[in-house]
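Enquirer: Protein chains in written order, with numbering that gives the first Met the number 0: chain A, 0 to 170; chain B, 0 to 692.
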Amino acid sequence: MSALVPGVILAVAMVVFVLHPIVSGREAHMEWDEEELTEAQHRRNVALLALRDVEYDFHAGKLDTTDYGRLKQEISAEALRAIDEEEAEWLARHAEPGDPGREEGEPPPEARAALEAEIAALRDSIRAGVICSQCGNPNPKGSRYCGDCGSGLPVQGSPTGHAVRGSVGSG
Amino acid sequence: MIPALGEFALWIALPISIWGCVLAFLGGRWNRGDLVLSAERSTYAISILFIIASIGIIAAFMRDQFQYWYVYNYSSTNLHPFFKFAGLWAGQRGSLLFWGLNLSLFASLAVWMNRSRNRDLMPYMNGVLLAFIGFFISISLFVTPPFEQLGFTPADGRGLNPQLQNYWMTIHPPTMYVGFTSFNVPFAFAISALMVGRLDARWIQATRKWILTSWFFLTLAIIFGMRWAYEELGWGGFWFWDPVENASLLPWLVATAFLHSVMIQESRGMLKVWNMGLVLLTFLMTIFATFLTRSGLIESVHSFAQNLTIAWIFLGCMGITGAVCLVLIVWRYPVLVSERQFESALSRESAFLLNNLVLLGAAFAVIWGTMFPLLTEGLTGSKVAVGPPFFNQVNIPIGLILLALMGIGPVIAWRKASARNLKKNFLLPVAVLVSTAAVLFSAGVRHPYALLTFSIGAFVLTIIVVEFWKGTRARARIERENAFTAFVHLVRRNRRRWGGYIVHVGVVVMFMGFAGSAFNREVRQSMVPGDSVAVDSPFGHEYVLTYQGLSTTLVPSMRQAIALFSVEKDGVPAGSITTQRQLNLAVSPPQPISEVGIRSTFVEDLYLILATVDDEVLLGSNEPEFQQATFQFQINPLVPWIWYGGLVIAAGALIGLWPGAGVPTRTGRLGTGSRRQDTSTPTPRSDAAATLG
Numbered sequence: 000m001s002a003l004v005p006g007v008i009l010a011v012a013m014v015v016f017v018l019h020p021i022v023s024g025r026e027a028h029m030e031w032d033e034e035e036l037t038e039a040q041h042r043r044n045v046a047l048l049a050l051r052d053v054e055y056d057f058h059a060g061k062l063d064t065t066d067y068g069r070l071k072q073e074i075s076a077e078a079l080r081a082i083d084e085e086e087a088e089w090l091a092r093h094a095e096p097g098d099p100g101r102e103e104g105e106p107p108p109e110a111r112a113a114l115e116a117e118i119a120a121l122r123d124s125i126r127a128g129v130i131c132s133q134c135g136n137p138n139p140k141g142s143r144y145c146g147d148c149g150s151g152l153p154v155q156g157s158p159t160g161h162a163v164r165g166s167v168g169s170g
Numbered sequence: 000m001i002p003a004l005g006e007f008a009l010w011i012a013l014p015i016s017i018w019g020c021v022l023a024f025l026g027g028r029w030n031r032g033d034l035v036l037s038a039e040r041s042t043y044a045i046s047i048l049f050i051i052a053s054i055g056i057i058a059a060f061m062r063d064q065f066q067y068w069y070v071y072n073y074s075s076t077n078l079h080p081f082f083k084f085a086g087l088w089a090g091q092r093g094s095l096l097f098w099g100l101n102l103s104l105f106a107s108l109a110v111w112m113n114r115s116r117n118r119d120l121m122p123y124m125n126g127v128l129l130a131f132i133g134f135f136i137s138i139s140l141f142v143t144p145p146f147e148q149l150g151f152t153p154a155d156g157r158g159l160n161p162q163l164q165n166y167w168m169t170i171h172p173p174t175m176y177v178g179f180t181s182f183n184v185p186f187a188f189a190i191s192a193l194m195v196g197r198l199d200a201r202w203i204q205a206t207r208k209w210i211l212t213s214w215f216f217l218t219l220a221i222i223f224g225m226r227w228a229y230e231e232l233g234w235g236g237f238w239f240w241d242p243v244e245n246a247s248l249l250p251w252l253v254a255t256a257f258l259h260s261v262m263i264q265e266s267r268g269m270l271k272v273w274n275m276g277l278v279l280l281t282f283l284m285t286i287f288a289t290f291l292t293r294s295g296l297i298e299s300v301h302s303f304a305q306n307l308t309i310a311w312i313f314l315g316c317m318g319i320t321g322a323v324c325l326v327l328i329v330w331r332y333p334v335l336v337s338e339r340q341f342e343s344a345l346s347r348e349s350a351f352l353l354n355n356l357v358l359l360g361a362a363f364a365v366i367w368g369t370m371f372p373l374l375t376e377g378l379t380g381s382k383v384a385v386g387p388p389f390f391n392q393v394n395i396p397i398g399l400i401l402l403a404l405m406g407i408g409p410v411i412a413w414r415k416a417s418a419r420n421l422k423k424n425f426l427l428p429v430a431v432l433v434s435t436a437a438v439l440f441s442a443g444v445r446h447p448y449a450l451l452t453f454s455i456g457a458f459v460l461t462i463i464v465v466e467f468w469k470g471t472r473a474r475a476r477i478e479r480e481n482a483f484t485a486f487v488h489l490v491r492r493n494r495r496r497w498g499g500y501i502v503h504v505g506v507v508v509m510f511m512g513f514a515g516s517a518f519n520r521e522v523r524q525s526m527v528p529g530d531s532v533a534v535d536s537p538f539g540h541e542y543v544l545t546y547q548g549l550s551t552t553l554v555p556s557m558r559q560a561i562a563l564f565s566v567e568k569d570g571v572p573a574g575s576i577t578t579q580r581q582l583n584l585a586v587s588p589p590q591p592i593s594e595v596g597i598r599s600t601f602v603e604d605l606y607l608i609l610a611t612v613d614d615e616v617l618l619g620s621n622e623p624e625f626q627q628a629t630f631q632f633q634i635n636p637l638v639p640w641i642w643y644g645g646l647v648i649a650a651g652a653l654i655g656l657w658p659g660a661g662v663p664t665r666t667g668r669l670g671t672g673s674r675r676q677d678t679s680t681p682t683p684r685s686d687a688a689a690t691l692g
């Protein structure tokens with residue numbers, strides 16, 4: 000009998016706690032979070048990680064030159080496809096409706112220009128094979144060292160893309 | 000009052016679980032945030048209610064409230080408070096409540112961790128978890144009520160089984176329950192991904208750490224169980240293919256397969272159906288294990304008393320869950336089918352797939368052997384037992400193949416490896432393998448499995464050392480770091496990969512410990528005080544044990560006969576060792592129990608069992624004519640390596656689990672110690688840069 004009072008209080012407290020969102024109209028977060036990866040971002044990550052793996056496997060002597068070159072080309076193409084999709088997603092997500100002079104869903108011109116410049120640099124870097132495997136910084140063609148972190152970069156013109164100081168992938 | 004409040008809490012939890020489950024699915028379906036939040040609060044509320052219910056049971060144990068059937072049957076006034084606390088999971092009724100407590104806490108943790116992510120999955124995921132929580136609450140209320148009262152208050156309880164009065168009792172079962180119940184979360188994620196149709200790699204990312212955590216606890220629980228059996232049960236060993244041991248091994252085998260094959264999906268986008276199947280199967284194996292243990296249908300040292308109601312309930316749960324999984328997979332099959340194919344048989348993907356097939360083969364063999372007695376009884380009316388010889392015959396070769404694959408996998412490149420490179424990379428490890436085999440053979444080792452285990456183990460260790468060396472050397476050269484710093488940074492950069500290698504080292508050490516049993520020395524002898532026995536170690540030395548005598552003591556509900564031996568190693572006194580035979584008087588008829596004596600060194604255990612003793616001694620006589628007893632002396636070579644291997648495995652798994660171990664996020668980067676560009680609004684370029692780091 001002595002447990003009845005605390006039991007009832009407990010039951011009421013629990014019911015209030017559980018029903019409160021419905022009564023008060025308070026809602027759980029239901030939207031996609033900016034911090035979460037989209038499918039295209041995921042596929043891009045997968046491709047870039049695969050590039051890192053290929054680098055590591057090549058430098059660890061697990062891949063020969065021919066396979067290394069072929070795989071790098073294939074995975075780079077995959078990464079570019081994913082980045083194209085991601086670009087489209089990003090533009091759609093950052094479009095601000097209602098700005099005068101622009102259609103609904105179109106992003107601000109400066110944002111579009113900055114993004115396109117960044118994507119163009121990334122594309123060029125992936126194609127040229129000078130994306131830094133240490134920090135991910137895309138470097139201009141012909142770079143021997145990463146402009147961001149100073150790590151050695153694959154020597155341009157070399158068929159195997161031998162690194163100046165190698166690369167420590169870890170895939 | 001507290002136990003009564005605990006029971007009240009369970010009754011409150013049942014309608015809340017039903018309410019939350021229904022609202023979670025409706026909220027997800029109608030995209031109603033208020034319903035989803037109410038469902039999530041239901042999960043939190045149930046956790047609090049389960050905590051109150053568990054405190055209620057513990058309080059009943061601590062206060063010796065024997066009017067409760069459960070307390071009366073698993074406690075007594077003289078039971079140490081340590082074991083009164085452990086009474087929560089000592090029997091069927093309490094342990095199912097404890098199961099529900101763990102499940103609700105993990106569900107709350109999963110809901111809280113995903114309060115602002117995976118929001119499209121969360122309503123369904125929470126709904127699935129609440130359905131299972133409701134299932135366990137219903138069992139606790141209607142089938143195995145822990146708060147059931149006798150109708151009178153006995154003066155004392157029947158006491159806890161003395162075999163359970165061991166410090167492992169407070170460690171092994173909770174670890175096992177944590178391992179089992181936490182598998183519910185990845186299962187719920189998988190089901191919700193199937194229901195929503197979001198079957199890309201993101202649900203895998205959400206579940207990967209959960210699976211690794213569950214695997215970690217299950218691994219620890221299995222090793223703790225082995226140690227307990229080795230110390231306490233007097234079987235003379237650590238693993239006996241007991242049905243309940245097997246039951247814990249099944250989800251472990253399938254989860255291990257998943258942990259490997261998930262890497263193929265992550266890196267290649269392949270094997271989606273396979274991975275989905277493995278996550279679902281892992282969970283089904285935990286229900287199967289629960290069915291085996293709880294039904295008592297198969298005789299085991301662990302099993303609870305036979306309870307056909309529980310058997311049917313868990314069988315039904317497994318059948319319904321399996322059918323739902325199958326329907327969902329068939330429904331989503333077109334989305335799950337991979338567009339990519341294996342590029343070459345000589346690739347890491349192929350090695351991982353082979354590893355998966357072998358692990359599942361082992362799981363099938365274990366299920367077959369475990370269920371065979373039940374099947375034969377059902378078909379022929381007589382039980383045909385399947386013992387350790389069957390399991391060893393099947394699983395030792397499988398284990399050796401897995402051991403070899405642990406070395407082969409890391410050396411092969413992803414996608415495609417060339418024969419020339421394989422030859423180059425395997426040259427040194429194979430040379431080490433052949434040399435180890437030759438050295439051991441010339442040293443007189445003839446046991447084929449032991450020879451293979453040590454040789455393949457050396458092969459795998461060589462490969463892992465070379466992998467670490469190559470990585471450290473390259474890192475040291477590039478970053479101009481010393482070897483130690485380079486090594487630490489290398490591991491930190493990709494903790495899952497290098498942590499996995501450390502787990503493999505632990506497995507190799509453990510396998511070598513298993514192989515040591517090929518050289519066990521065993522002497523069984525009847526002795527009187529003053530007699531000595533010599534036992535040769537396979538490592539070349541000799542132990543001489545001299546029987547000093549037997550003494551008896553009466554502790555509550557138990558007689559103990561303790562035999563004392565002095566030990567000499569190669570003629571040099573090396574201390575003493577005791578072994579016990581106990582008679583549990585709390586049960587009828589009284590149950591004999593062994594307490595082995597163990598003297599451990601780095602490479603071997605001197606293991607002593609008091610096999611038989613005159614009944615008069617156990618009845619309290621200390622007369623000289625009853626001092627004759629039979630002892631079993633064992634030298635168990637390399638058994639300590641099993642425990643060392645377990646420690647290494649735990650260390651490797653913790654490295655893999657450590658936060659920041661390479662989990663990609665929208666704005667985060669892989670690994671640690673990296674230099675990410677500071678961009679307030681991440682763009683594809685900055686994300687790509689982060690990913691490559």
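Cβ atoms here follow ideal geometry from the backbone N, Cα and C, with glycine treated the same way.
(1) Work out the CA separation of Val336 of chain B and Leu374 of chain B for me, nearest whole Å.
(2) Give me, in chain order, the residues of the same chain whose beta-carbon lies closer than 6 Å to that of Ala187 of chain B; leave out the 5 immediate sequence neighbours on both sides.
(3) Spell out a yes or no on whether the stretch 491-507 of chain B and the stretch 403-418 of chain B are touching, meaning 3 or more CB-CB pairs, one atom from each, closer than 8 Å.
(4) Work out the CA separation of Leu544 of chain B and Leu607 of chain B for me, nearest whole Å.
(5) For the alpha helix (DSSP H) that contains Phe141 of chain B, what are its first and last residues?
(6) Taking any Cβ of chain B, which residues in the stretch 67-80 of chain A have a Cβ under 7 Å from it, in chain order?
(7) Considering only C-alpha positions, which residue in the set B:Pro185, B:Asn183, B:Ser294, B:Arg491 is nearest to Gly90 of chain B?
(8) Return helix, strand or coil for Pro173 of chain B, following the three-state DSSP convention.
(9) Determine whether the Cβ of Arg40 of chain B lies closer than 7 Å to any Cβ atom of chain A.
(10) Can you confirm whether Val272 of chain B, when its beta carbon is compared against all beta carbons of chain A, has any partner nearer than 7 Å?
(11) Taking the C-alpha atoms as reference points, what is the distance between Gln626 of chain B and Ala573 of chain B?
(12) Looking at C-alpha atoms only, which residue of A:Val15, A:Ile21, A:Glu26 is the closest neighbour of Ser115 of chain B?
(13) Kindly list the residues whose CB is nearer than 8 Å to the CB of Pro2 of chain B, restricted to its own chain and excluding five residues on each side of it in sequence; keep chain order.
(14) Residues of chain A with CB under 9 Å from Asn394 of chain B, in chain order?
(15) Hey, which unbroken runs of the alpha helix (DSSP H) at 4 residues or more fall wholly within the stretch 332-392 of chain B?
(16) For Thr452 of chain B, I'd like the list of residues in its chain whose CB is within less than 6 Å of its CB, leaving aside the five on either flank, ordered along the chain.
(17) Identify the contact partners of Ala197 of chain A in chain B, using a Cβ-Cβ distance below 7 Å as the criterion.
(18) Can you confirm whether Ala660 of chain B, when its beta carbon is compared against all beta carbons of chain A, has any partner nearer than 7 Å?
(19) Here's a check: name, in chain order, each residue in its chain whose Cβ is nearer than 7 Å to the Cβ of Ser575 of chain B, leaving out the five neighbours to either side.
(20) Taking C-alpha atoms, which residue in B:Leu582, B:Phe389, B:Ile45 lies nearest to Asp614 of chain B?
(21) Thr180 of chain B by DSSP, collapsed to three states: which one?
(22) Run through chain B and tell me which residues come within less than 8 Å of Ala10 of chain A, C-beta to C-beta.
(23) In chain order, which beta strand (DSSP E) runs of at least 3 residues are fully inside the stretch 45-133 of chain B?
(24) Could you give the DSSP three-state label for Met557 of chain B: helix, strand or coil?
(25) Residues in the same chain with beta-carbon distance under 7 Å from Phe257 of chain B, minus the five sequence neighbours each way, listed in chain order, please.
(26) Exposed or buried, Trp227 of chain B, counting other C-beta atoms within 10 Å across all chains shown (16 or more means buried)?
(27) So what's Glu84 of chain A in DSSP terms, helix, strand or just coil?
(28) Below 6 Å CB to CB, which residues in the same chain sit around Ile309 of chain B once its five sequence neighbours on both sides are set aside?
(29) Could you check whether the Cβ of Asp83 of chain A sits closer than 7 Å to any Cβ belonging to chain B?
(30) Can we say the stretch 49-68 of chain A touches the stretch 314-328 of chain B, given the rule of at least three CB pairs closer than 8 Å?
(31) Please state if the CB of Ala23 of chain B and the CB of Ala38 of chain B are separated by a distance shorter than 7 Å.
(32) Just grab the DSSP bridge partners of Lys568 of chain B for me.
(33) Would you kindly check if the distance between the Cβ of Gly156 of chain B and the Cβ of Tyr71 of chain B is under 7 Å?
(34) Around the Cβ of Val22 of chain A, are there at least 16 other Cβ atoms within 10 angstroms (buried) or fewer (exposed)?
(35) Look up Pro5 of chain A in the DSSP assignment and say whether it is helix, strand or coil.
(36) Since Ala254 of chain B and Trp202 of chain B should fall inside the 8 Å C-beta cutoff, what is the C-beta to C-beta distance between them, to a whole number of angstroms?
Expert: Per the coordinate set shown:
(1) 36 Å
(2) Met124, Val127, Leu128
(3) yes
(4) 10 Å
(5) No alpha helix (DSSP H) holds Phe141 of chain B; DSSP gives it neither H nor E.
(6) Leu70
(7) B:Ser294
(8) helix
(9) yes
(10) no
(11) 24 Å
(12) A:Glu26
(13) Gly55, Ile56, Ala58, Ala59, Gln64, Tyr67, Phe146
(14) Within chain A, no residue comes near Asn394 of chain B; the closest Cβ sits about 31 Å away, beyond 9 Å.
(15) 347-379
(16) Phe510, Ala514
(17) Chain A is shown only over 0 to 170; residue 197 of chain A falls outside these bounds and no answer can be derived.
(18) Note that Ala660 of chain B has pLDDT 44, beneath the 50 cutoff, so the model's placement of it is unreliable and the number below is only indicative. No, Ala660 of chain B does not count as interfacial toward chain A.
(19) Leu563, Phe564, Ser565, Val566
(20) B:Leu582
(21) helix
(22) Phe7, Ile11
(23) none
(24) strand
(25) Ile210, Asn274, Leu277, Val278, Thr281
(26) buried
(27) helix
(28) Arg293, Ser294
(29) no
(30) no
(31) yes
(32) B:Tyr542, B:Val571
(33) yes
(34) exposed
(35) helix
(36) No, Ala254 of chain B and Trp202 of chain B are not in contact; Cβ-Cβ is about 16 Å, not under 8 Å.
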